[in-house]
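Comments concern the structure below.
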Amino acid sequence: MDNVFFTEPGNIYGNQLELEGQEARHAAKVLRFNIGDQLFASDGKGNRYRTKVTSISKNSVLADIEETTSHPESRVKKVLAFGAIKKRDRLEFAVEKAVELDAWEICVFDADHSERSRVNEERLRSIVLSAFKQSKRYWLPKVVYKDSLDEVFKDYQGFNPVMAHMEVEENRADKLNEGNNLLLVGPEGGFSDREIELAKENGTAFISLGKYRLRAETAVTAILSQFLFTR
Ligand code: SAH
């Protein structure tokens, strides 16, 4: 099962599914699937299908579902929220790694010290999708955008906030809740004093990621790595 294709939940009809667009082209043209071949597809909502291809054209691949494996949503959800990184390749790195490292959802927000630059949402969607397939995850993470940390706290009320902060020295891996967690990382310029205050008002736990100053995208991978086995 080297390749897992993505199919929208809406493209599953009873015991048949369809790959469309890019996914169909990839199967038909690049990987040259044939009728009768075994193909794996995932709907990003917890289900993976072992199928047999029944028809193939460059825009559509139809397949019969022979076996479905389902994974429930994880109980410990980790939303990774980080201050927008200006450099596109670094931002994309952070998003790709967040998918591999089990972020449930990825939130990019305009932090006080974020240097604004336009985020190419289409590109990020395709990076998330390919990381999702590559890492063989069952649930496809969403990427959401917020205008400020204030908005992040407002929209993730009820989540347990944990912030990576240089000024603290402790890091205990028991900071996550069984339930919804919000992991926060600052932009290249760090969090502003105002944002740190805001975090305190919202009951945030602060954790260290070691004694050295990490780049924002490294901090994203480091914070998620702390909690890989927290379920
Ligand atoms: N210039 C900033 C550094 C920002 S690093 C400053 O001096 O504050 C970007 C973000 O990564 C930080 O806001 C923090 O969330 C995280 N980070 C980097 N290194 C860290 C460390 N050693 N411990 C905890 N968080 C860290």
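Taking this note's numbering, the leading residue of the sequence shown gets 8, the next gets one more, and so forth.
The beta-carbon is built from N, C-alpha and C at its ideal position, and this holds for glycine as well.
Going straight from the alpha carbon of residue i to that of residue j, what length do you get?
i    : j    : result
P16  : S121 : 36 Å
L98  : E224 : 7 Å
I230 : R179 : 12 Å
L190 : D96  : 21 Å
S62  : K36  : 14 Å
K59  : E202 : 52 Å
F47  : D117 : 38 Å
E103 : E73  : 31 Å
T220 : E25  : Checking the sequence, you will find Arg at residue 220 rather than Thr. If you take the alpha carbons of R220 and E25, they lie about 47 Å apart.
G193 : A226 : 9 Å
Where DSSP assigns a beta bridge to residue i, which residues make up the other side?
i    : result
N54  : S77
M173 : DSSP lists no partner for M173.
A180 : Partner(s): none; A180 has no beta bridge.
L24  : I19 and A70
A212 : V169
E112 : V86 and K149
For a test of the three-state rule: what should DSSP assign to residue i, helix, strand or coil?
i    : result
V102 : helix
N167 : strand
N188 : strand
D71  : strand
I92  : coil
L46  : strand
T237 : coil
K84  : strand
Would you mind working out which of the options sits nearest residue i, comparing C-alpha positions?
i    : options                   : result
Q29  : R55, N41 and S64          : S64
G43  : R32, V37, V68 and S49     : V68
I214 : F198, E174, F116 and D117 : E174
H33  : A138, G51, N66 and V192   : N66
K207 : R39, H172 and N54         : H172
K218 : L235, E177, Q164 and F89  : E177
V106 : R55, D157 and G51         : G51
V151 : G90, F198 and R144        : G90
P168 : R132, V86, W111 and V126  : V86
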